[in-house]
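Colleague: For what it's worth, the working numbering labels the leading residue of the sequence shown as 321, then goes sequentially.
I'd like to ask you about the structure that follows.
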Amino acid sequence: MTTWFRRTLSADEQSAVLADRDRHPDATVRRKMHVLRAVHLGHSRDQAARLANVGVATCKRYVLAYRDGGLDGLRRRVPQHRPISDLAAHADAVKRSLTDRPVRTTAEAVERIAELTGIRRGLTQTRTFLAGLGFTWQRTRAVPVPPKSR
Numbered sequence: 321m322t323t324w325f326r327r328t329l330s331a332d333e334q335s336a337v338l339a340d341r342d343r344h345p346d347a348t349v350r351r352k353m354h355v356l357r358a359v360h361l362g363h364s365r366d367q368a369a370r371l372a373n374v375g376v377a378t379c380k381r382y383v384l385a386y387r388d389g390g391l392d393g394l395r396r397r398v399p400q401h402r403p404i405s406d407l408a409a410h411a412d413a414v415k416r417s418l419t420d421r422p423v424r425t426t427a428e429a430v431e432r433i434a435e436l437t438g439i440r441r442g443l444t445q446t447r448t449f450l451a452g453l454g455f456t457w458q459r460t461r462a463v464p465v466p467p468k469s470r
């Protein structure tokens with residue numbers, strides 16, 4: 321296999337890469353530095369990806385980020401969109417209501433939450449929301465009864 325992007329790092333960059341590879345608080349940045357170090361040592365794209373335990377396309381993306389932005393370009397994280405539920409604003413009221421008067425089924429919880437907040441969600445979304453509030457579902461079973469003797 322042929323090597324690619326034979327970028328040699330300066331002594332300062334090498335020490336920064338080694339430090340970040342081992343001690344950076346973000347695991348993604350540590351992985352990026354691992355890829356950059358492997359490329360600096362002359363490994364191919366496949367080898368660098370295998371060494372850092374990432375995909376080849378991810379490896380290429382990391383090297384391009386370094387090429388375009390240097391070490392700061394590698395350290396930069398792209399913020400991920402994490403939507404916030406409309407029910408999050410009503411979490412305290414829902415938790416208080418369901419703690420005072422527990423429900424037996426998820427469908428009953430859906431109805432109670434709709435009465436309290438005016439927001440109706442499906443069964444799965446309601447289960448996920450309630451699990452986030454710390455509620456757990458108890459499994460119900462039949463109580464074994466010995467057969468009647470004649």
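Beta carbons: idealized from backbone N, C-alpha and C, even for Gly.
Treat the numbers as computed from the prediction; the structure is a model and nothing was measured.
1) Phe449 lies in the alpha helix (DSSP H); which residues open and close that run?
2) My parser needs the alpha helix (DSSP H) runs of 4 or more residues fully inside the stretch 343–397; what are they?
3) Can you tell which of Asp366, Leu407, Val349, Asp392 has its C-alpha closest to the C-alpha of Arg440?
4) Could you tell me the distance, in whole angstroms, from the CA atom of Cys379 to the CA atom of Asp332?
5) Which whole-angstrom value is the C-beta distance of Leu338 and His354, which I expect to be below 8 Å?
6) Under 8 Å, with one C-beta from each stretch per pair, do the stretch 411–425 and the stretch 449–468 reach the 3-pair mark?
Modeller: Let me lay it out:
1) In the sequence shown, the residue the question calls residue 449 occupies position 129. Looking at the DSSP string, the run of the alpha helix (DSSP H) that includes Phe449 is 443–452.
2) 347–360, 365–372, 376–395
3) As a working note, residue 440 is residue 120 in the sequence shown. Residue Leu407 is the option with its Cα nearest to Arg440.
4) For this step, residue 379 is matched to residue 59 along the sequence shown. For this step, residue 332 is matched to residue 12 along the sequence shown. When rounded, the distance between both Cα atoms is 22 Å.
5) In the sequence shown, counting from the first residue as 1, residue 338 sits at position 18. In the sequence shown, counting from the first residue as 1, residue 354 sits at position 34. 10 Å between Cβ atoms; not a contact.
6) yes
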